[in-house]
Amino acid sequence: MHTASHARTCTRFAPSAPTPSTSIRRAFFHDEQQAAAHDSDAVSQAVPPALLYLVAGYFALVNAGAVALFYYDKHQANTKGWRVSEKNLQMSALAGGWIGGLWAMQTYRHKTVKKSFQQPYFMCMGVNVVACAAAVAGWRFSPGLRSATVRTLRSVGLA
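Residue numbers (the working numbering): 1052 to 1210.
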């Protein structure tokens, strides 16, 4: 007899059909141990809060410094004083201060027309973006980089 309770009992012990995620896992991993190692690696990819604070603090300082450099250079240009070299302004973009630099250029209307300045500035900006993307990719795909970073943070008492 097939009753509703009998059907529930039978399906509980029957092998379930593979879900899409199970099929994908089987395609990429040879066994469950390898899949479990991958899962634990994904958990270890979490960025330590200390590293987030360091990176955010660095970019905040560099961008504030870039704004200050552009402001000072604009002020010196108006008063015929000693100017900040264009190379230093461009290096601020290379160091990661390009967001603050772009904001300052528009806000103070400084270096917005001079193409001989802007082209290298945008190149420095692009190099910084690529370097940041490479750092994220390195964190994502290199367990050695992650463990070395965490070890370094621990050795200086930040993690």
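From the three backbone atoms N, C-alpha and C, an ideal C-beta is built for every residue, glycine too.
Does the beta-carbon of residue i have 16 or more other beta-carbons within 10 angstroms, so that it is buried, or is it exposed?
{"i": "Lys1131", "result": "exposed"}
{"i": "Gln1141", "result": "buried"}
{"i": "His1161", "result": "buried"}
{"i": "Cys1183", "result": "exposed"}
{"i": "Phe1121", "result": "buried"}
Excluding the 5 residues preceding and the 5 following residue i in the sequence, name in chain order all residues of the same chain whose CB lies nearer than 7 Å to its CB.
{"i": "Tyr1123", "result": "Val1135"}
{"i": "Gly1151", "result": "Asn1114, Ala1115, Ala1117, Val1118"}
{"i": "Ala1101", "result": "Leu1204, Leu1209, Ala1210"}
Locate the alpha helix (DSSP H) running through residue i, then write down its first and last residues.
{"i": "Gln1002", "result": "As displayed, the chain neither begins before 1052 nor continues past 1210, which places residue 1002 out of reach and without an answer."}
{"i": "Thr1158", "result": "1149-1159"}
{"i": "Lys1125", "result": "1100-1130"}
{"i": "Lys1138", "result": "1137-1143"}
Suppose contacts are defined by Cβ-Cβ distances below 8 Å. Is residue i in contact with residue j by that definition?
{"i": "Asn1179", "j": "Ala1144", "result": "yes"}
{"i": "Gln1170", "j": "Thr1163", "result": "no"}
Going along the chain, which residues of its own chain have a beta-carbon closer than 8 Å to the beta-carbon of residue i, five neighbours each way excluded?
{"i": "Trp1190", "result": "Gln1096, Val1098, Leu1196, Arg1197, Thr1200"}
{"i": "Ala1128", "result": "Arg1134, His1161"}
{"i": "His1126", "result": "Gly1132"}
CB of residue i to nearest heavy atom of the ligand ATP: below 7 Å?
{"i": "Cys1175", "result": "Of ligands this structure carries none, so the ligand ATP is not represented either."}
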